[in-house]
Structures are given as structure tokens and as C-alpha cells.
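Numbering of the sequence shown is given in my numbering, commencing with residue 25 and proceeding in unit increments.
Note that beta-carbon positions come from the ideal geometry of N, C-alpha and C, so glycine has one too.
Just so you know, these numbers come straight off a predicted model, no measurement behind them.
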Amino acid sequence: MIGEQELRQALARIRQKTDAKPRLGLVLGSGLGEYGDHLPNAIAVPYGEIPHMPVSTVAGHKGQFLINEDVVCMQGRFHYYEGYDMNEVVMGVRLMRLMGVKTLVLTNAAGGVEPTFAEGTLMLLTDHINFMGQNPLRGPNLDFLGPRFPDMSHCYSLRLRHMAKQTASTLGILLAEGVYCAFSGPSYETPEEVRMARKMGAQAVGMSTVPECIAAVHCGMEVLGISCITNAAAGVKDQSLSHQDIIAVTQRVKGDFTRLIDGICQKILAQP
Numbered sequence: 025m026i027g028e029q030e031l032r033q034a035l036a037r038i039r040q041k042t043d044a045k046p047r048l049g050l051v052l053g054s055g056l057g058e059y060g061d062h063l064p065n066a067i068a069v070p071y072g073e074i075p076h077m078p079v080s081t082v083a084g085h086k087g088q089f090l091i092n093e094d095v096v097c098m099q100g101r102f103h104y105y106e107g108y109d110m111n112e113v114v115m116g117v118r119l120m121r122l123m124g125v126k127t128l129v130l131t132n133a134a135g136g137v138e139p140t141f142a143e144g145t146l147m148l149l150t151d152h153i154n155f156m157g158q159n160p161l162r163g164p165n166l167d168f169l170g171p172r173f174p175d176m177s178h179c180y181s182l183r184l185r186h187m188a189k190q191t192a193s194t195l196g197i198l199l200a201e202g203v204y205c206a207f208s209g210p211s212y213e214t215p216e217e218v219r220m221a222r223k224m225g226a227q228a229v230g231m232s233t234v235p236e237c238i239a240a241v242h243c244g245m246e247v248l249g250i251s252c253i254t255n256a257a258a259g260v261k262d263q264s265l266s267h268q269d270i271i272a273v274t275q276r277v278k279g280d281f282t283r284l285i286d287g288i289c290q291k292i293l294a295q296p
């Protein structure tokens, strides 16, 4: 169990490298980690140097914090399917909050359930469906972070979504909207599971983001979520799925992704 003591010890190690108190946090998903390389004056803190911290084991996830005065990036996340407990999966998000982060931008690579979404479409998350069978708040509540029963009615901030849509419109970037359904993985969803997700109201499926959103809302963060639709989910088209193909699509759209995230971050940081 990653409790208050373990989180405080991890924070103390980060504070040995930097005393920055960034207001904005970014979690960079599969193939999107290169965005963090452009963060100015950032100090890198590898996860392996932080007590109790998991390490990223998936290709496309470097496995480090990048921290400057305003922003902290997780260049690589942790997934439930890697064998970690849920409280380990969300440890990075909780450390961001303890560093000072109030606003969190979550990104991921996702499969498109909506047939009209082309590969490379960027999708703003309006809500999510937790089909992972686990919740990161299970167990003793960490009262110093948040309440036992957090309200998830607006887990993806309406204010931030409006800001993201304005930014995309100004930049001429198509930004779709939809519901993200999280499965545990690591196997991709079957065609019938995808059809079930569509019937439940989902436009995209993936294996991350939902635990981080829940943990962030629990500790009082305002959350924005953006998916890169890297492929049609199983059964939507007659094709096979591979992680290598997913990374290739994220590389193709990284220009628009970078411009969009830059624009959103500038708007967030311009506010008091």
C-alpha cells in the first residue's frame, strides 16, 4: 500500500532535486512522451530514483518526471496490466498534487469505437466508463488528500473542455469529443467487448487514464483528458492491432498534438 508515509518519502527525494511548485501537471501517454522533451529548463527525475515509485515497462514510456517552475510532466505512466496495484498506478498523480499541481492534463492513445473517427483524430474526453474492475480509492482513505466519497459528476472539467475547444478552433485542429471506456488489458478488446462499449455510450477504448482521473478528482485537481485515436477498435474495421502501429500513428500526429497541448497549457498558466 502506498500511503501517506510512502508519498512523503517520495516527495522528499524529489525535493532534493528541485523545490519547484508547478501548478500544471501532464501525463503523456503511449508515443506522446516526446512532448516533454520541449519543456524549458526542466529537471529530470527518473522514477527509479524515487522511493516506492513503480517504473514504466511499456515501449513509448520513458519513465521520468520532467519538472520546471510551472509544469511537471510524467513522461510515461503506469498501467494496471503491468502488475501494479491501483494505488501504485496513481502514485505519480498524487505526487504531482503534493508538489503543488492544481490542474492535470491526461493524454492517451486509444482505440476508436466511433466508426467516423479516423486514425490520428484527437478526442476530448467528456466522461469515462470504468470497466477495469478496480478503483484506486479502494482501501483506507487517504484523508490528507481527499474525501472518502468524491463526486465524479464533472470529472473532466467543463471549463477546461471549453478552453481546449477554443484553442483547437483557433489553431485549426479538429478536436472530436467523446466518452472513454477503460478496460484492464493488456489484451486488446474483442469485437463483442467493443460493441458492448459502444452500446454503453463510449466513443473510444483504452487501458489507462481512468484511475488517474479518479485519483486526481479525489485530491482536488481540475482534470482535462485528450485521447489520440490511433486505430479503429476491434470489429470496427477488418484489421489486426499492434502496439507498433499505435506508436507510428502518434508520431504522425505529434505536430498537431504538440500545438494543441502548448496552446492549452499557455491558457491555463495565463490564469491566476
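Roughly how many angstroms lie between the CA atoms of residue i and residue j, to the nearest whole one?
i: S251; j: T150; result: 11 Å
i: M323; j: P215; result: Summary: the structure shown does not reach residue 323, with the chain confined to residues 25 through 296, and so no result is reported for it.
i: M77; j: Y71; result: 6 Å
i: A257; j: T131; result: 18 Å
i: L148; j: P296; result: 24 Å
i: E28; j: C237; result: 19 Å
i: R185; j: M231; result: 22 Å
i: L50; j: S208; result: 22 Å
i: L195; j: G279; result: 12 Å
i: E217; j: S211; result: 12 Å
i: D286; j: L63; result: 10 Å
i: A291; j: Q33; result: Correcting the residue type first, residue 291 is Lys in the shown sequence and not Ala. About 33 Å.
i: K41; j: L35; result: 10 Å
i: T127; j: L182; result: 13 Å
i: A239; j: T233; result: 10 Å
i: H267; j: R172; result: 37 Å
i: I270; j: F281; result: 15 Å
i: M123; j: V69; result: 13 Å
i: S193; j: F141; result: 18 Å
i: K223; j: R39; result: 47 Å
i: F168; j: R121; result: 11 Å
i: K189; j: H178; result: 17 Å
i: G300; j: D61; result: The structure shown does not extend to residue 300, since the chain is modelled only from 25 through 296, so no value can be given for it.
Can you list, in chain order, the residues of its chain whose CB lies under 8 Å from that of residue i, leaving out five sequence neighbours each side?
i: V273; result: G55, A133, E143, G144, C252, T254, N255
i: M110; result: Y104, Q158, N159, P160, R162, P235
i: C289; result: L48, L50, V95, V129
i: N92; result: A44, P46, L63, P64, N65, A66, I67
Check this for me: beta carbons of residue i and residue j, under 8 Å apart or not?
i: V96; j: F89; result: yes
i: G116; j: G170; result: no
i: V241; j: M187; result: no
i: Y59; j: L48; result: no
i: T191; j: L284; result: yes
i: H213; j: G136; result: Note that residue 213 is Glu in the sequence shown here, rather than His. No, these two residues do not count as a Cβ contact at 8 Å.
Kindly list the residues whose CB is nearer than 7 Å to the CB of residue i, restricted to its own chain and excluding five residues on each side of it in sequence; keep chain order.
i: E138; result: G202, Q227
i: R37; result: E73, I74, P75
i: V125; result: P46, R47, L48, G49, V96, M245
i: M25; result: N111, G163
Sorted by chain position, which residues of the same chain lie with C-beta nearer than 6 Å to residue i's C-beta, five sequence neighbours on each side aside?
i: Q205; result: The sequence shown places Cys at residue 205, rather than the Gln named in the question. If we look at C205 and ignore the five residues flanking it on each side, its Cβ neighbours are I153, F155, A221, A226, V229.
i: V260; result: P139
i: F102; result: P78, Y108, V113
i: S80; result: G87, G100
i: E106; result: T81
i: P174; result: V241, H242
Pull up the CB-CB distance for residue i and residue j, whole angstroms please, since I reckon it's below 8 Å.
i: R118; j: L31; result: 6 Å
i: Y180; j: V277; result: With 8 Å as the limit, Y180 and V277 do not qualify as a contact, their Cβ atoms being about 21 Å apart.
i: I197; j: L146; result: 7 Å
Just to confirm, does residue i get its C-beta within under 7 Å of one of the non-hydrogen atoms of the ligand MN?
i: I270; result: The ligand MN is not part of this structure, which contains no ligands at all.
- Task: Note down, one range per segment and in chain order, each beta strand (DSSP E) of at least 3 residues found wholly within the segment 114-174.
- Result: 127-136, 145-154
- Contained alpha helix (DSSP H) runs [length at least 4] in the segment 237-291, N- to C-terminal order: 267-276
- Item | Unbroken stretches of the alpha helix (DSSP H), 4 residues or longer, contained in the segment 183-238 | 215-224
- Task: Output the residue ranges of the alpha helix (DSSP H) runs that lie fully inside the segment 74-106 and measure 4 residues or longer, sorted by chain position.
- Result: none
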